Amino acid sequence: MEGTAPERLDAEASPALVALADALKRARAPLLSALERAGNLRGEIDALTARIEAGEGEIEAAEHARAAEREALRLAELTANGETVRVSGLAERVVSLGREIAPYLAAAGLSLADLDRDGAGTARRVAEIAAAHRALDRNRESSSARSRPSRRAAPAPPKPWASPAPPPMRPDARRWPAPTGSPGCGPNGRLC
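Shown next as structure tokens:
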């Protein structure tokens, strides 16, 4: 350091003390500047640490959100697979139903193409044909009921080729004769 402390404190020591104080001020200025820079750096370090911690929290939240999205995607894929299987089954059922109703549509003068083109119109046409058929059926039944004689009027004559009715059985008699000589049967062909 430039100045040194005087050995004695007297009137001549004053300029030496002033020079020493000036030298200390000059030496202290870079130290204060370094201390201020260190304080600024500490503030920047603290701010960066806070940003890092906030970033870590954001990363953790993003990882949780991504895991939830992956789980939702997995569930959606399972649901989609189930729906694909269900739609496939329904498509097979539609084809099967088409094969089943094709003869009925053909009898009504319609086809599956008519059903595909205008389902509501085809359904109306089938309903009209069914109603007409029911009306014809009712008319046929009522006209045949009027034309045939009453069944209660006289019993039907016996048919010569029919076998005679079996004689009435006693209440304690069995309907079917027991086999004789079968294992487990007692004497006279009675069941055990």
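Numbering (the working numbering), first residue to last: 110 to 301. In this text, a Cβ means the ideal position worked out from N, Cα and C, and glycines have one as well. Given the structure is predicted, the values throughout are model-derived calculations rather than measurements.
DSSP three-state call for residue i: helix, strand or coil?
i, result
"residue 205", "helix"
"residue 165", "helix"
"residue 220", "coil"
"residue 155", "helix"
"residue 120", "coil"
"residue 246", "helix"
"residue 227", "coil"
"residue 125", "helix"
Check this for me: beta carbons of residue i and residue j, under 7 Å apart or not?
i, j, result
"residue 217", "residue 238", "yes"
"residue 205", "residue 214", "no"
Can you tell me the Cα-Cα spacing of residue i and residue j, whole angstroms?
i, j, result
"residue 209", "residue 184", "37 Å"
"residue 176", "residue 169", "10 Å"
"residue 174", "residue 146", "41 Å"
"residue 151", "residue 138", "20 Å"
"residue 311", "residue 235", "Because residue 311 is not part of the residues shown, which for the chain are 110 to 301, the question remains open."
"residue 246", "residue 232", "21 Å"
"residue 202", "residue 195", "10 Å"
"residue 126", "residue 156", "44 Å"
"residue 129", "residue 120", "15 Å"
"residue 187", "residue 200", "20 Å"
"residue 178", "residue 190", "18 Å"
"residue 159", "residue 144", "22 Å"
"residue 135", "residue 161", "39 Å"
"residue 116", "residue 124", "13 Å"
"residue 225", "residue 207", "10 Å"
"residue 230", "residue 223", "9 Å"
"residue 140", "residue 118", "28 Å"
"residue 167", "residue 197", "44 Å"
"residue 165", "residue 133", "47 Å"
"residue 291", "residue 253", "A caution first: residue 291 carries a pLDDT of 49, below 50, which makes its placement in the model too unreliable to give a value."
Short of 6 Å in beta carbon distance, which residues of its chain neighbour residue i, apart from the five on each side in sequence? Order them along the chain.
i, result
"residue 163", "none"
Mind checking residue i: buried by the 16 CB within 10 Å criterion, or exposed?
i, result
"residue 142", "exposed"
Tell me which residues share the same chain as residue i and place their Cβ nearer than 8 Å to its Cβ, disregarding the 5 neighbours each side in the sequence.
i, result
"residue 192", "none"
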